[in-house]
Ligand code: GN1
Ligand code: MG
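In this note's numbering, the protein residues as written are 47 to 410.
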């Protein structure tokens, strides 16, 4: 438990308005600690960034500052409401964050009257989410990707993730491999998925962009009343990447009928209506900023990104839960299994997914 007193000193360093009235735990991320701070005149998000996952926290904060400033300018040019985007609240001495007791604290504005959804089959929400992501990439289209640092090197380099996975299987640090042989084999049998996006990026067949890199549905915010998209949160992994990372990672949750931690695998199903709604919104949001090569791979990206995270969860289970927060002993295995089941589901639906893609993307 914590009290406002614990936060008083930290909050005193930031440029916030009003007297602090309350601080409560907020959100459901696996990596950072997040709090909602209420003052007499406003609300803010305070986060302590996990410096073990992000040792280059200076780079993380620098990326966020650069990208949100660029976004802000574009919003103003386009007459869009900047209170509907996330930006940094700096410290009183003008810094992006406060480093205290080996922790990196940063604050953001709280986008008012907004909510998140863990899961939904409401096509308005999904179309809005797709449009929001498409618009995010569209807005950052002119941003030079070399201006942001790769804060977690090779984060979505699925080829390297695959090698790491093979290492985890071989070392079997937590002595768990014997019980999950089928899951391991499922991953090993799909080695070819790992190179599809990475090779195209390396060969420059698809462009390197600035991407979000963590686009699960609960990182999208919506207006409480209209359920229209407001903004994307969790900007730590903003890095150079491919839009296919973002689209695929979003679909793996947006088009799943169950959550990442569902134990009943019969509930883990791919929902084509959800996929269609998200895709439709995405193509509207991104306008003509998408290239033909990228568009051609949109449906495939869902399978690849789901495969990647399934492999990461299984690897962490084999390593003894050293990366993702777990609240039950087998949590990483449960997460791995939902994701690998989703891969199987996507494989079954791939042809239909491609047909739906060309229903909306006509620019062949
Ligand atoms: C982590 O920040 P959070 O908890 O939403 C992870 C993502 C995974 C996600 C799976 C930096 O995201 O890559 O897709 O868990 N972020 C990092 O739920 O590893
Ligand atoms: Mg994250």
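Virtual Cβ for every residue (Gly too), placed ideally from N, Cα, C.
C-beta contact flag for residue 256 and residue 286 at 8 Å: The sequence position of residue 256 within the chain shown is 210, counting from 1. The sequence position of residue 286 within the chain shown is 240, counting from 1. In contact: residue 256 and residue 286 (Cβ atoms closer than 8 Å).
Cβ neighbour criterion (16 or more within 10 Å) applied to residue 352: Looking up residue 352 in the chain shown gives position 306. Result: buried.
Under the three-state DSSP convention, the category residue 146 falls into: By 1-based counting over the chain shown, the position of residue 146 is 100. DSSP places residue 146 within a strand segment (E or B) once states are collapsed to three.
Coarse secondary structure for residue 247, derived from DSSP in three states: Here residue 247 is taken as the residue at index 201 of the chain shown, counted from 1. Helix, per DSSP.
Endpoints, alpha helix (DSSP H) assigned at residue 105: Taking the chain shown and counting its residues from 1, the one referred to as residue 105 is at position 59. Residues 103-123.
Proximity test, residue 317 beta-carbon vs ligand 1 heavy atom, cut-off 7 Å: Your numbering for residue 317 matches position 271 in the chain shown. Flag unset: Cβ of residue 317 not near ligand 1.
Sequence-distant residues of the same chain with beta carbon closer than 7 Å to residue 170, five excluded per side: For the purposes of this step, residue 170 is identified with residue 124 of the chain shown, where counting begins at 1. If we look at residue 170 and ignore the five residues flanking it on each side, its Cβ neighbours are 273.
Residue(s) in a DSSP beta bridge with residue 90: Against the chain shown, residue 90 aligns to sequence position 44. For residue 90, which the question treats as bridged, DSSP gives the partners 83 and 155.
Residues bridged to residue 68 (per DSSP): Counted from its first residue, the chain shown places residue 68 at position 22. Beta-bridge pairing links residue 68 to 84.
Meets three-Cβ-pair contact criterion under 8 Å: the region 350-365 and the region 326-342: The answer is no - the region 326-342 does not touch the region 350-365, with fewer than three Cβ pairs under 8 Å.
Inter-residue CB distance, residue 331 and residue 180 (contact presumed, cutoff 8 Å): As a first step, residue 331 is located in the chain shown; it is residue number 285 there, counting from the start. As a first step, residue 180 is located in the chain shown; it is residue number 134 there, counting from the start. Rounded to the nearest angstrom, the Cβ distance from residue 331 to residue 180 is 2 Å, consistent with a contact under 8 Å.
Limits of the beta strand (DSSP E) - the one that residue 267 falls within: As a first step, residue 267 is located in the chain shown; it is residue number 221 there, counting from the start. Boundaries of the beta strand (DSSP E) around residue 267: 266-269.
Which of helix, strand or coil DSSP assigns to residue 358: On the chain shown, residue 358 is found 312 positions in, with the first residue counted as 1. Three-state DSSP puts residue 358 in a helix.
Run of the alpha helix (DSSP H) containing residue 131, from where it starts to where it stops: As a first step, residue 131 must be located in the chain shown, where it is residue number 85. Counting along the chain, residue 131 falls outside any alpha helix (DSSP H), and DSSP gives it neither H nor E.
Sequence-distant residues of the same chain with beta carbon closer than 6 Å to residue 95, five excluded per side: Numbered from its first residue, the chain shown carries residue 95 at position 49. When the five nearest sequence neighbours on each side are left out, the beta carbons in the same chain lying within less than 6 Å of the beta carbon of residue 95 are those of 78, 103 and 150, in order along the chain.
Start and end residues, beta strand (DSSP E) containing residue 311: The sequence position of residue 311 within the chain shown is 265, counting from 1. Where residue 311 is concerned, there is no enclosing beta strand (DSSP E), given that its DSSP letter is neither H nor E.
Sufficient close CB pairs (3 or more, under 8 Å) joining the region 178-193 to the region 240-259: Touching, yes.
Cβ-heavy atom distance, residue 76 to ligand 1, below 7 Å: For the purposes of this step, residue 76 is taken as residue 30 along the chain shown, with counting starting at 1. Remark: the shortest separation between the CB of residue 76 and any heavy atom of ligand 1 falls under 7 Å.
Close-in-space but distant-in-sequence residues of the same chain around residue 388 (CB under 8 Å, 5 per side omitted): Taking the first residue of the chain shown as position 1, residue 388 is located at position 342. The answer, listed in chain order, is 298, 302, 314, 316, 352 and 356.
Coarse secondary structure for residue 383, derived from DSSP in three states: If you number the chain shown from 1, residue 383 lands on position 337. Residue state for residue 383 is assigned as helix, using DSSP reduced to three classes.
Where the alpha helix (DSSP H) containing residue 213 begins and where it ends: The residue given as residue 213 occupies position 167 in the chain shown. From DSSP, the alpha helix (DSSP H) with residue 213 extends over 204-217.
Three or more C-beta pairs below 8 Å linking the region 242-249 and the region 137-155: Short answer: they don't touch.
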